[in-house]
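Per my numbering, the sequence shown starts with residue 22, numbered consecutively. Don't be surprised by glycine CBs; every beta carbon is placed ideally from N, CA and C. Report on the structure given below.
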Amino acid sequence: FKGTSFKVEMEKKYRERSLETHLRSVPLFATVGDEFIAYLKEKVELVSYNQDQAICKEGEEADAFYLIRSGMVRVSQTMPGGEMVRTYLSRGDYFGEIGLLRSIKRIATCAALDAVDVVKIPGSEFNLMLERFPGVRAQLEPVADARMAAAKARPWISHSSSGFFLVFRTLVMPPGPVTTLGRCGGLR
């Protein structure tokens, strides 16, 4: 039926154009050429997530890199006593690079805060992309390093005879005693 093939062709053209426009708007890809965009367009998947739906979970194998097209993503880590939100990401931001670059499991859970559309780049394609376009790797590495350092700066609760204290130690703090940031309340 002619109408169906026309619709399919129009959807394909729309997808290509919107994907290309989005990829060119992502700061990470601001300096790449047409060859990179053409390469990437063929290797990605457009995926939608509903509010509160997990996109990737802490502890899972890293299998993809994600670029946010629309919506907000909550990045959190499991802590004793619950989950701690690390940051929020929005259009133009990305996540999933740490596990792929370092060949480790996911260090955070990323979930849709509202309806979210992402460009998903499978891990194998991500690695080939970095081989073919080393400038992208050079941009990703310092971001991954900073995010890893922030993830390792995990707060924890310490109990003493005077109550509970929130304690935060970062990797950039000089060696020495742990700094108490403030009293959170206490049990007597």
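Express the C-alpha separation of residue j and residue i in angstroms, rounding to a whole number.
i              : j            : result
valine 139     : tyrosine 115 : 9 Å
isoleucine 119 : valine 53    : 21 Å
arginine 168   : threonine 25 : 46 Å
threonine 236  : alanine 75   : The shown model of the chain, from 22 to 209, leaves out residue 236, and the question about it has no answer.
glycine 251    : leucine 134  : Nothing about residue 251 can be reported from this structure: the residues present for the chain run from 22 to 209 only.
alanine 171    : glutamate 30 : 45 Å
alanine 51     : arginine 45  : 6 Å
histidine 43   : alanine 59   : 13 Å
Please classify residue i: is it buried, with 16 or more other beta-carbons within 10 angstroms of its beta-carbon, or exposed?
i            : result
leucine 67   : exposed
arginine 107 : buried
alanine 132  : buried
tyrosine 109 : exposed
Are the CB atoms of residue i and residue j nearer to each other than 8 Å?
i                : j                 : result
alanine 83       : isoleucine 125    : yes
arginine 95      : arginine 112      : no
phenylalanine 86 : isoleucine 142    : yes
glutamate 162    : leucine 122       : yes
phenylalanine 57 : phenylalanine 154 : yes
leucine 40       : lysine 62         : yes
valine 157       : leucine 149       : no
Looking at the strands, I want to know which residues DSSP matches up with residue i.
i          : result
leucine 44 : Bridge partners of leucine 44: none, in fact.
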